[in-house]
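As structure tokens, the structure follows; a few thoughts come after it.
2 protein chains.
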Amino acid sequence: MGKRSSRDIRSESRLDVLHALLSAGTSTRGELAQVTGLSIATVATIVQELRGEGLVADAGSSALGAGRPTTMLRVNGDRGRILGIDVAETYVRAIVFDAALEQVGSVEVPMDESLPSVGSVTESIVRAVDTALSETGVDRAHVLGAGVALPGLISAEESADAVAPRWAARNVEVLHRLRERIGLPLVVENPLKAIATAELWFGRGRTASSMVIANLGTGVGAGIVLEGKILRGATHSAGEWGHAVLVLDGRSCRCGRLGCVEAYVGAPGIQQTLREIAPDHELARVPQREFIDGLARTHRESGGDPVVEEVLERTAHYLGVALGDLASIIDPEVMMLTGWTAWALGDDLVDPTKAELQRRAPAGATTGVELGVSTVRGSSVAIGMATLAFERFLGDVGLSTTRLPLAL
Amino acid sequence: MGKRSSRDIRSESRLDVLHALLSAGTSTRGELAQVTGLSIATVATIVQELRGEGLVADAGSSALGAGRPTTMLRVNGDRGRILGIDVAETYVRAIVFDAALEQVGSVEVPMDESLPSVGSVTESIVRAVDTALSETGVDRAHVLGAGVALPGLISAEESADAVAPRWAARNVEVLHRLRERIGLPLVVENPLKAIATAELWFGRGRTASSMVIANLGTGVGAGIVLEGKILRGATHSAGEWGHAVLVLDGRSCRCGRLGCVEAYVGAPGIQQTLREIAPDHELARVPQREFIDGLARTHRESGGDPVVEEVLERTAHYLGVALGDLASIIDPEVMMLTGWTAWALGDDLVDPTKAELQRRAPAGATTGVELGVSTVRGSSVAIGMATLAFERFLGDVGLSTTRLPLAL
Ligand SMILES: [Zn+2]
Ligand SMILES: [Zn+2]
């Protein structure tokens with residue numbers, strides 16, 4: 001039931017100030033006090049602590065208004081570098097950020113095996129980190145931390161592996177090996193938590209108090225934020241909405257079950273919908289990213305294609321129902337769609353999904369929920385992991401004791 | 001992002017001490033310190049405050065061990081009376097509790113109309129309260145508070161009512177009228193939150209940190225507890241799991257949508273399953289409580305009835321899938337079943353449901369979740385509402401500032 005001491009409250013205030021400064025770019029103490037709701041005296045003390053760690057620096061002075069100029073502050077990007085690492089099913093992407101969480105460089109290495117083992121995952125991560133650091137000319141001693149997003153439920157075959165049936169077990173093993181090989185302070189998390197963190201720091205989460213972030217790509221899942229905190233779950237598996245049942249005893253899912261949400265609104269699921277409508281369509285067999293881009297392009301062409309329209313309509317139906325279930329259970333203030341499928345299809349998918357979501361909520365529970373596409377684009381998993389590594393660094397230097405990811 | 005002051009922490013400590021004392025019946029200061037994790041000095045201070053309000057009294061002394069006898073404490077039931085009121089679809093039940101939350105008396109009055117209006121709901125509640133107080137001989141001045149559970153989503157017809165489409169709007173109106181009529185300190189809540197409160201104080205929630213309480217009756221819904229706190233939701237509708245979709249475009253539900261969980265595992269839904277298997281079965285048209293009792297009785301008879309077995313099997317399948325979805329999204333430590341259907345069918349339903357839940361979770365997310373039938377029986381909604389009214393009373397006398405229900 002976690003009691004919080006005044007020390008914890010102080011830690012949160014420091015995060016709030018940093019958060020506000022990162023969001024604003026540059027800011028005065030007075031503006032930070034206004035945004036965070038803290039007193040100017042508290043902000044001044046916190047700024048002094050953060051300057052002591054080299055995390056905040058002057059950014060000139062503001063001469064606005066009648067009074068004497070006030071000092072503008074910024075997060076000091078040169079304080080160090082942070083790595084955000086997205087371990088996907090076919091590649092590992094490592095992105096180098098500065099301490100103001102601005103991207104400095106990025107590399108992508110392919111995953112060695114089609115069914116990744118603990119060993120091959122570890123090797124690919126190590127190679128991505130080494131390449132990213134050498135390409136950006138960053139010294140290891142200058143790296144404040146690295147955050148690695150490891151996917152949870154991957155496939156029935158893998159989950160049947162007696163050695164590592166669950167997220168924690170397998171990922172503890174990967175983390176253990178990475179610790180030996182990488183020589184950097186490490187944080188390991190589920191990509192859904194990474195996406196939720198990115199949305200909390202840089203997206204809609206800056207002002208929403210409860211939020212569901214639905215990630216649409218090959219797989220689908222949801223990050224859940226309640227009272228500004230990420231829901232982790234008793235076994236670290238909260239938000240595995242992709243394997244909730246949408247159609248009882250429906251399409252088979254790669255997790256081994258039937259009728260999962262992912263089998264209908266994951267990119268391969270959407271392609272399956274197209275194949276059910278028109279097995280010989282030109283988009284029926286192309287690779288999944290090409291398929292999603294093809295859907296978006298065809299939809300926007302004048303004339304259009306009735307098959308594509310039917311696919312978008314059915315997908316919005318599936319997605320609206322599935323999001324409606326999440327909304328019924330969690331009752332969030334905001335739902336954001338993210339991931340490459342959401343970015344490619346954008347409002348072409350959001351608008352009919354929103355209509356479906358509201359149509360399905362006559363009793364009011366989900367009528368008022370805000371639905372949109374996340375403004376955090378490109379590498380939200382890596383951005384989120386870098387942010388989590390940054391939070392961990394703040395803890396290591398005594399500036400934070402809360403919001404840290406599960407210690408593995 | 002709710003900051004908590006040390007005053008809040010103190011409030012929680014007071015609730016923890018009261019909670020521990022209610023659970024134990026009688027206890028020493030040392031035992032209370034052990035159970036709550038607070039220091040003996042803190043417990044002594046809190047006990048003094050609670051004695052000051054007449055909430056805690058001596059219960060003799062314990063002569064165990066070698067030292068001098070230590071004073072046993074108990075919650076002072078005679079401090080006052082508390083009302084817990086369960087507004088169901090066809091009746092209002094008012095239960096009178098003492099300040100130690102022991103039941104003193106109970107009355108039930110029928111609801112006047114089949115489709116209750118704000119006016120008829122108010123009148124039935126007033127009549128139930130008046131009758132309960134006069135039958136138990138309790139003076140209004142001696143009542144510390146009353147808690148009223150008002151159901152949320154009732155029916156498509158009612159929700160289509162332009163005046164009160166949502167929980168908050170209609171219930172604010174009922175509360176407003178009750179304030180004028182009842183003359184007692186009032187708390188209004190959703191029955192799911194009441195059930196979750198009862199489970200937190202008197203059931204499995206005393207030791208679980210995250211928990212889903214699935215209520216199975218005419219309707220179904222879930223109370224969700226995270227880190228010892230009840231999830232309310234942005235529009236006060238969290239846990240409306242009964243209207244999540246189990247079968248896409250499936251059976252029509254009384255909420256006006258298709259394929260809701262409730263249409264399969266609510267008592268009328270279970271009876272519908274039986275009618276689909278055997279339309280002319282002797283249980284096909286009996287009233288719903290009689291139907292559920294009939295299922296339980298027939299199942300336990302030697303010989304049995306293949307139709308009843310098939311109904312239980314399918315229901316466990318539906319319930320396992322629906323609970324699996326909840327578990328995937330929330331990832332709780334514990335799931336408890338409650339409500340009259342769960343109590344009647346008990347382990348006959350729980351064991352196959354548990355098997356289904358685990359079968360559907362090959363990837364591990366829900367494998368470890370504990371599933372059981374709640375030990376809080378009979379009137380968990382009324383017990384929970386009385387507890388919420390008790391918490392409100394503690395706030396009114398300055399002994400608590402947290403965990404109070406939404407102020408309406
Ligand atoms: Zn699946
Ligand atoms: Zn329904």
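Chains as they are written, first to last, in our numbering: chain L, 1 to 408; chain H, 1 to 408. No residue lacks a Cβ here, since even glycine has one placed at the ideal position from N, Cα and C. Model, not experiment: these values are computed from the prediction.
Checklist entry - Could you check where the alpha helix (DSSP H) with H/ASP348 kicks off and where it finishes? => result Taking the first residue of the second sequence as 1, we reach residue 348 of chain H at position 348. Counting along the chain, the alpha helix (DSSP H) containing H/ASP348 begins and ends at 340-359.
Checklist entry - For L/GLY77 versus L/GLU53, is the C-beta distance shorter than 8 Å? => result Looking up residue 77 of chain L in the first sequence gives position 77. Looking up residue 53 of chain L in the first sequence gives position 53. Their beta carbons are not under 8 Å apart, which means L/GLY77 does not touch L/GLU53 by this criterion.
Checklist entry - Which of helix, strand or coil does DSSP assign to H/GLU102? => result Along the second sequence, read from residue 1 onward, the residue named residue 102 of chain H stands at position 102. DSSP places H/GLU102 in coil when its eight states are reduced to three.
Next on the checklist: Distance check for H/VAL43 and L/GLY320, CA to CA, integer angstroms please.
Outcome noted: For the purposes of this step, residue 320 of chain L is taken as the residue at position 320 of the first sequence. For the purposes of this step, residue 43 of chain H is taken as the residue at position 43 of the second sequence. Each residue's alpha carbon lies about 51 Å from the other.
Checklist entry - Which stretch, first to last residue, makes up the beta strand (DSSP E) that contains H/ALA222? => result Numbered from 1 along the second sequence, position 222 holds the residue referred to as residue 222 of chain H. Note, H/ALA222: beta strand (DSSP E), 220-226.
Checklist entry - Any beta-carbon of chain L closer than 8 Å to the one on H/TRP241? => result For the purposes of this step, residue 241 of chain H is taken as the residue at position 241 of the second sequence. It does: the Cβ of H/TRP241 has a partner Cβ on chain L nearer than 8 Å.
Item to check | Under 7 Å from the C-beta of H/GLU333: neighbouring residues of chain L | outcome: Along the second sequence, one-based indexing puts residue 333 of chain H at 333. Near H/GLU333 (Cβ distances below 7 Å), the residues of chain L are ALA234.
Checklist entry - Would you say the segment 310-320 of chain H touches the segment 188-200 of chain H, given that touching needs at least three Cβ pairs under 8 Å? => result no
Checklist entry - For ligand 1, any of its heavy atoms closer than 7 Å to the Cβ of L/ARG257? => result Position 257 of the first sequence holds residue 257 of chain L. Flag set: Cβ of L/ARG257 near ligand 1.
Checklist entry - Does any CB atom of chain L fall closer than 8 Å to the CB of H/ALA20? => result Taking the first residue of the second sequence as position 1, residue 20 of chain H is located at position 20. It does not; no Cβ of chain L falls within 8 Å.
Item to check | Where H/ARG297 falls, given that 16 or more other Cβ within 10 Å makes a residue buried | outcome: As a first step, residue 297 of chain H is located in the second sequence; it is residue number 297 there, counting from the start. That one is exposed.
Checklist entry - Hey, L/VAL129 and L/ILE182 are a contact pair by Cβ (cut 8 Å); roughly how many whole angstroms apart? => result Residue numbering aside, residue 129 of chain L sits at position 129 when the first sequence is read from its first letter. Residue numbering aside, residue 182 of chain L sits at position 182 when the first sequence is read from its first letter. Right, the Cβ-Cβ distance comes to about 6 Å (below 8 Å), so this counts as a contact.
Item to check | Buried versus exposed call for L/ALA149 [16 or more other C-beta atoms within 10 Å across all chains shown] | outcome: Here the question's residue 149 of chain L lines up with position 149 in the first sequence. Counting Cβ neighbours within 10 Å, L/ALA149 comes out buried, since at least 16 surround it.
Item to check | Chain-order list of residues whose beta-carbon lies under 8 Å from that of H/ALA355 (same chain, five-residue window excluded) | outcome: Here residue 355 of chain H refers to the residue found at position 355 of the second sequence. If we look at H/ALA355 and ignore the five residues flanking it on each side, its Cβ neighbours are ALA316 and GLY320.
Checklist entry - Under a CB-based cut-off of 8 Å, is L/GLU157 close to chain H? => result The residue given as residue 157 of chain L occupies position 157 in the first sequence. Note that L/GLU157 has pLDDT 37, beneath the 50 cutoff, so the model's placement of it is unreliable and the number below is only indicative. Chain H contact via Cβ: absent.
Next on the checklist: Within 10 Å of its beta-carbon, does H/ALA99 have 16 or more other beta-carbons around it, so buried, or fewer, so exposed?
Outcome noted: Position 99 of the second sequence, counted from the first residue, corresponds to residue 99 of chain H. Buried, by the Cβ-count rule.
Checklist entry - Just how far apart, CA to CA, sit H/SER328 and L/LEU38? => result By one-based count along the second sequence, residue 328 of chain H stands at place 328. By one-based count along the first sequence, residue 38 of chain L stands at place 38. Their Cα atoms are separated by approximately 38 Å.
Checklist entry - So the beta strand (DSSP E) H/ALA214 belongs to, where does it begin and stop? => result As a first step, residue 214 of chain H must be located in the second sequence, where it is residue number 214. Looking at the DSSP string, the run of the beta strand (DSSP E) that includes H/ALA214 is 210-216.
Next on the checklist: Taking 7 Å as the cut-off, is the beta-carbon of H/GLU262 closer than that to any non-hydrogen atom of ligand 2?
Outcome noted: Within the second sequence, numbered from 1, the residue matching residue 262 of chain H stands at position 262. Correct: H/GLU262 has its Cβ closer than 7 Å to ligand 2.
Item to check | Residue-chain proximity (L/VAL35, chain H), Cβ-Cβ < 8 Å | outcome: As a first step, residue 35 of chain L is located in the first sequence; it is residue number 35 there, counting from the start. Not an interface residue.
Checklist entry - Roughly how many angstroms lie between the CA atoms of H/GLY346 and L/LEU258, to the nearest whole one? => result In the second sequence, residue 346 of chain H corresponds to position 346, counting from 1. In the first sequence, residue 258 of chain L corresponds to position 258, counting from 1. In a straight line, the C-alpha of H/GLY346 is about 28 Å away from that of L/LEU258.
Checklist entry - Among the residues of its own chain, which have a CB less than 6 Å from the CB of L/SER379, if the five just before and after it don't count? => result Position 379 of the first sequence, counted from the start, is the residue given in the question as residue 379 of chain L. For L/SER379, where only same-chain residues beyond five positions count, the Cβ hits under 6 Å are ILE95.
Checklist entry - For ligand 1, is there a heavy atom less than 7 Å away from the beta-carbon of H/CYS253? => result As a first step, residue 253 of chain H is located in the second sequence; it is residue number 253 there, counting from the start. Because no heavy atom of ligand 1 lies under 7 Å away, the Cβ of H/CYS253 does not count as near it: no.
Next on the checklist: Looking at chain H, is there any beta carbon in it that lies within less than 8 Å of the beta carbon of L/VAL118?
Outcome noted: Locating residue 118 of chain L in the first sequence gives position 118, where the first residue counts as 1. Answer no: the Cβ-Cβ gap between L/VAL118 and chain H never drops below 8 Å.
Next on the checklist: Given this structure, state the Cα-to-Cα distance separating L/LEU83 from H/THR36, to the nearest angstrom.
Outcome noted: Walking along the first sequence from the start, residue 83 of chain L turns up at place 83. Walking along the second sequence from the start, residue 36 of chain H turns up at place 36. Distance between the alpha carbons of L/LEU83 and H/THR36 is about 42 Å.
Item to check | Interface residues of chain L facing H/VAL247 [CB-CB closer than 8 Å] | outcome: By 1-based counting over the second sequence, the position of residue 247 of chain H is 247. Residues of chain L passing the Cβ test: VAL247 and LEU248.
Next on the checklist: Please classify H/SER159 as buried or exposed, where buried requires at least 16 other C-beta atoms within 10 Å of its C-beta.
Outcome noted: Counting from one through the second sequence, the residue named residue 159 of chain H turns up at place 159. At H/SER159 the pLDDT is 38, less than 50, meaning the model places this residue with poor confidence and gives no usable figure here.
Checklist entry - For the alpha helix (DSSP H) that contains L/ALA316, what are its first and last residues? => result Here residue 316 of chain L corresponds to residue number 316 of the first sequence, with the count starting at 1. Per DSSP, L/ALA316 belongs to the alpha helix (DSSP H) from 306-330.
Next on the checklist: For a test of the three-state rule: what should DSSP assign to L/SER252, helix, strand or coil?
Outcome noted: Translated into positions along the first sequence, residue 252 of chain L becomes position 252. Three-state result, L/SER252: strand.
Checklist entry - Hey, is H/SER374's beta-carbon within less than 8 Å of any beta-carbon in chain L? => result Looking up residue 374 of chain H in the second sequence gives position 374. It does not: the Cβ of H/SER374 has no partner Cβ on chain L nearer than 8 Å.
Checklist entry - In the structure shown, what three-state DSSP assignment does L/ARG232 receive? => result Numbered from 1 along the first sequence, position 232 holds the residue referred to as residue 232 of chain L. Coil.
Next on the checklist: Taking 7 Å as the cut-off, is the beta-carbon of L/HIS243 closer than that to any non-hydrogen atom of ligand 1?
Outcome noted: Within the first sequence, the letter at position 243 stands for residue 243 of chain L. Yes, ligand 1 has a heavy atom inside 7 Å of this Cβ.
Checklist entry - Are any of the Cβ atoms in chain L nearer than 8 Å to that of H/ALA238? => result Indexing the second sequence from 1 puts residue 238 of chain H at position 238. True, the Cβ-Cβ gap to chain L drops below 8 Å.
Item to check | chain L contact residues for H/VAL321, given Cβ-Cβ distances below 8 Å | outcome: Along the second sequence, read from residue 1 onward, the residue named residue 321 of chain H stands at position 321. Ordered by position in chain L, the residues that pass the 8 Å Cβ test against H/VAL321 are VAL245 and LEU248.
Checklist entry - If the cut is a Cβ gap below 7 Å, which residues of chain L does H/SER328 touch? => result Here residue 328 of chain H corresponds to residue number 328 of the second sequence, with the count starting at 1. What H/SER328 touches in chain L: GLU240, TRP241, HIS243 and ALA244.
Item to check | Cut-off 6 Å between Cβ atoms - residues of its own chain near H/SER210, not counting five sequence neighbours on either side | outcome: Counting from one through the second sequence, the residue named residue 210 of chain H turns up at place 210. Correct list, in chain order: LEU226, PRO332 and GLU333.
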